[in-house]
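Numbering (this note's numbering), first residue to last: 956 to 1184.
Idealized CB from N, CA, C, for every residue including glycine.
Encoded as structure tokens, the structure appears first; notes follow it.
Structure representation (structure tokens):
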């Protein structure tokens, strides 16, 4: 089952989940200051809830979304392109001021193509913000477990191994691609993105495992082509 077939599950999931407003959007705003009158791509915009926040700051978001159902809803907050990431062939080179991607990259198998294509459409000096599930959580076989006396422990998976895992989603499943932080940061750097800020967010549902990061947020700036190695 593809993401374009999971729109009803996605809407139901977010309708009862306060995490976006309480944690996810705030951490995006911690790393990215949206400037009025600039144009940003929302890569995997869903129903446009983050587009609404960006619009309230005077900036314009252009959504990119694979689901026609979600794209139709998101258009209340700005224009939306229906496309499957990482392909952005419908956009001209250096045509936007920046981009952001919230809880989407972990579902895209090719991070090199993602960073390269976003670098093509963002103007030099523009910014890219990313919020993802922290790689320590996406490693295959990495999971919380409960022992016989009820204590919740953390079982690490193969963090340094490439791989993926699938989790139930309505009548289907969602695939999480795993790459280490080194793979992620090196892929961005190879496409000309200079890391300016990184935040690791400890929020999660395991009260006695507060030392385990839950979300990772980064902001990069696109170097001019003559400054890239």
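Judged by their CB atoms, residue 990 and residue 1018 are not nearer to each other than the 9 Å cut-off. Ranking 1166, 1072, 1180, 1125 by CA distance to the CA of residue 1047 puts 1072 first. Taking a contact to require three or more Cβ pairs closer than 8 Å, the segment 1150-1158 and the segment 1050-1064 do not qualify as touching. With respect to residue 1066, residue 1093 sits apart: the two C-beta atoms are not nearer than 9 Å.
Taking 4 residues as the shortest admissible run, the segment 986-1055 contains the following complete alpha helix (DSSP H) segments, listed from N- to C-terminal end: 1004-1011, 1023-1029.
Excluding five sequence positions before and after residue 1115, the CB atoms of its chain that fall closer than 8 Å to its own CB belong to 1135, given in chain order. Boundaries of the alpha helix (DSSP H) harbouring residue 1073: 1066-1076, taken from the DSSP string.
Secondary structure at residue 1083: strand, using DSSP grouped into helix, strand and coil. With fewer than 16 other Cβ atoms from the protein chains shown falling within 10 Å of its own Cβ, residue 1023 counts as exposed. In the same chain as residue 992, and ignoring 5 residues on each side of it, the C-beta atoms closer than 8 Å to its own belong to 1013, 1014, 1015, in chain order. If you ignore the 5 residues before and after residue 1123, its C-beta comes within less than 7 Å of no other C-beta in its own chain. In the structure shown, residue 969 falls within a helical segment according to DSSP collapsed to helix, strand and coil. The shortest C-alpha to C-alpha distance from residue 1167 to any of 1097, 1005, 1117, 1028 is the one to 1097.
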